[in-house]
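Each remark here refers to the structure printed beneath this line.
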Amino acid sequence: MSIKPVDMERFYQSAGNIYEAIVVTAKRARQVHDELQLELNQRLETIKQLTQAPTTTENEEDLENVGVNPDQLKISLEFETRPKATDVALDEVNAGKVTWRVKDAPEPPKE
10 MSIKPVDMER
20 FYQSAGNIYE
30 AIVVTAKRAR
40 QVHDELQLEL
50 NQRLETIKQL
60 TQAPTTTENE
70 EDLENVGVNP
80 DQLKISLEFE
90 TRPKATDVAL
100 DEVNAGKVTW
110 RVKDAPEPPK
120 E
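Using this note's numbering, you'd call the opening residue of the sequence shown number 10 and step up by one each time.
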């Protein structure tokens with residue numbers, strides 16, 4: 010995995026406030042990660058259901074002899090080659106695909 014430098018000037022221009030942009034990017038990265046994790050779990054669960062192994066085994070050797078499912082390995086490798094959630098979020102913020110709003114801070118009560 011190589012290091013990808015971020016052009017902070019471009020990042021600042023696309024966001025206006027650098028601190029807000031960092032928070033928005035982090036939250037979007039969490040959303041992207043959760044979406045990818047959900048998709049991976051769904052696909053692995055489908056594979057698991059299709060190739061249901063017997064759950065009752067009397068020997069530990071039987072568990073060791075169970076091979077790696079090639080479909081499961083293929084799916085795992087596919088997800089490893091996908092871009093990381095942080096990279097996706099940075100690209101979306103820089104491209105202007107992410108919109109956000111700042112909640113107005115409540116004013117303190119006047120006496």
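For each residue, glycine too, the CB sits at the ideal point set by N, CA and C.
Original post:
Beta-carbon separation of Lys13 and Asp96 under 8 Å?
Top reply: On the sequence shown, position 4 is the one that residue 13 refers to. On the sequence shown, position 87 is the one that residue 96 refers to. Inclusion of Lys13 and Asp96 in the CB contact set at 8 Å is warranted, their separation being smaller than that value.
Original post:
Candidates Ser85, Lys119, Glu116 and Val15: which alpha carbon is nearest Gln51's?
Top reply: Taking the first residue of the sequence shown as position 1, residue 51 is located at position 42. Ranking Ser85, Lys119, Glu116 and Val15 by CA distance to the CA of Gln51 puts Ser85 first.
Subject >> contact_flag[the region 90-110, the region 30-46] where n(CB pairs < 8 Å) is 3 or more >> reply: Verdict: yes, contact present.
Original post:
Where does Val111 land, buried or exposed, given buried means 16+ other C-beta within 10 angstroms?
Top reply: Translated into positions along the sequence shown, residue 111 becomes position 102. Counting Cβ neighbours within 10 Å, Val111 comes out exposed, since fewer than 16 surround it.
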